[in-house]
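In terms of this note's numbering, the sequence shown opens at residue 227 and continues consecutively. We treat Cβ as the ideally placed atom computed from N, Cα and C, and that holds for glycine.
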Amino acid sequence: MNTQPSTTSAAVAAAPHPPQAPAAAFTLPPLPYADYALEPVISADTVRLHHTKHQKGYVDTLNRLVVDTPFADLSLEQIIQSTAGKPEHLELFENAAQAWNHALYWNSLTPGGGGVPPRALRVRIDSAFGGVEALKEELRTAATKQFGSGWVWLVLEGTRLRVVKTANAENPLSAQMKPLLTIDVWEHAYYLDFQNRRADHVNAVIDKLINWEFAAENLASDPGGNHGEGDPGAAQRFNDGQIRFVASARGAKKIRDGAAVRPEEEAALEKAARLGKARAKGQDPAISSAAPAINSKDKNTT
Ligand code: MN
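Listed below in structure tokens is the structure:
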């Protein structure tokens, strides 16, 4: 599924690798502005921690989890689509989705943002919400009503704009919606600056930082609402199959037992996690060849 907004796809796509190279590594996209650019709404300290600790942590964990597994050859979007709703792949889904969500998030904000959306987007906002102020109110309400950690999204569903909220790492991709912009409402996004006052943070983000131009670009890249990749029905069929499996007696038993749906794949995941931990401690020379590629990319992008 190519649902990645155009302006972030290159930044979060699997890095190209030559034949025989170790498993593909995902990279931490650089910020689209300086870490102090969002002040005074979001401090440089918050941006630095958020980007170099939280987001980087998701990317690093994702890389550890996919090494030597069939997932290593998939794009970030494909990993999200193929692990969504599968309890046996929860950790992989969470880290892949968080890597994707944060790449969209930084682009959803811009210094000197807020203000009036570009005309083409404004027309669609008027049609769907009855005006920009009504959309802002929906975003505020969704942000404050999201219980605990999560995200608020302006999405395109079919041809209609909607505001949706998701919990934890969840994103609208697996529900066949195209995100146009997002606001991170995890506490790490605002606690240093606003402590517990999420509503104040979100109000300031919407009024001063929201990047309507980015949302308009994403809308323009997909005017018809067809966000399939070659075969628009493929992901839907895949998800339908997953739902049928989970609902089946066999699927329910597998999940209940915590057993592997595909034992070989599970074993590979387990091995990758072990190797990843060893590599983090610098203990395993057998996989050291993979380390420089990942590390060098990190250095280039942080
Ligand atoms: Mn975050």
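Residue i and residue j closer than 8 Å at C-beta
i	j	result
K391	A368	yes
I351	V342	no
D419	W377	no
E314	A395	no
A557	G374	No statement about residue 557 is possible, as the shown extent of the chain runs from 227 to 528 and does not include it.
L382	D448	yes
L335	L254	no
Spatial neighbours of residue i in its chain, beta-carbon cut-off 8 Å, leaving aside the 5 residues before and after
i	result
A325	V238, F252, Q281, Y284, V285, L288, L302
P344	W438, E439, A442
I306	F319, A322, A323, W326, N397, L399, S400
R366	A425, V428, N429, I432
A346	A442, L445, A446
G348	Correcting the residue identity first, residue 348 is Arg in this sequence and not Gly. Cβ within range, chain order: V342, V358.
T370	R424, A425, V428
D261	A270, V273, R274, H277
R463	Because R463 sits at a pLDDT of 43, beneath the cut-off of 50, its placement in the model cannot be relied upon, and the following sentence gives the value as read from the coordinates. For R463, where only same-chain residues beyond five positions count, there are no Cβ hits under 8 Å.
Endpoints, alpha helix (DSSP H) assigned at residue i
i	result
L361	358-371
W379	That residue, W379, is in no alpha helix (DSSP H); its beta strand (DSSP E) goes 376-383.
R423	First-last for R423: undefined, no H or E at that position.
K282	282-292
N329	Checking the sequence, you will find Ala at residue 329 rather than Asn. Note, A329: alpha helix (DSSP H), 316-334.
V389	Counting along the chain, V389 falls outside any alpha helix (DSSP H), though it belongs to the beta strand (DSSP E) covering 386-393.
L275	270-275
V342	Premise fails: V342 is in no alpha helix (DSSP H) and is neither H nor E.
Limits of the beta strand (DSSP E) - the one that residue i falls within
i	result
I436	From DSSP, I436 is part of no beta strand (DSSP E); its letter is neither H nor E.
L300	Neither: L300 is in no beta strand (DSSP E) and is coded neither H nor E.
I409	404-410
Neighbourhood of residue i by C-beta, 6 Å cutoff - its chain only, sequence neighbours within 5 removed
i	result
R476	Bear in mind that the predicted position of R476 carries a pLDDT of just 49, short of 50, making it unreliable; the figure below should be weighed with that in mind. Closer than 6 Å at the Cβ level, and outside the excluded window around R476, lies no residue.
Y331	T408, D410
T272	L418, D419
Q531	No statement about residue 531 is possible, as the shown extent of the chain runs from 227 to 528 and does not include it.
Y416	H427
R388	V381
Residue burial classification, residue i (beta-carbon count within 10 angstroms, cutoff 16)
i	result
W379	buried
V267	buried
G339	buried
A310	buried
V293	buried
N422	exposed
A329	buried
Q402	buried
Beta-carbon proximity list for residue i, same chain, < 7 Å, skipping 5 on both sides
i	result
K362	I432
P337	Y259, A263, L264
H535	With the chain covering 227 to 528 only, the question about residue 535 has no answer from this structure.
R386	A354
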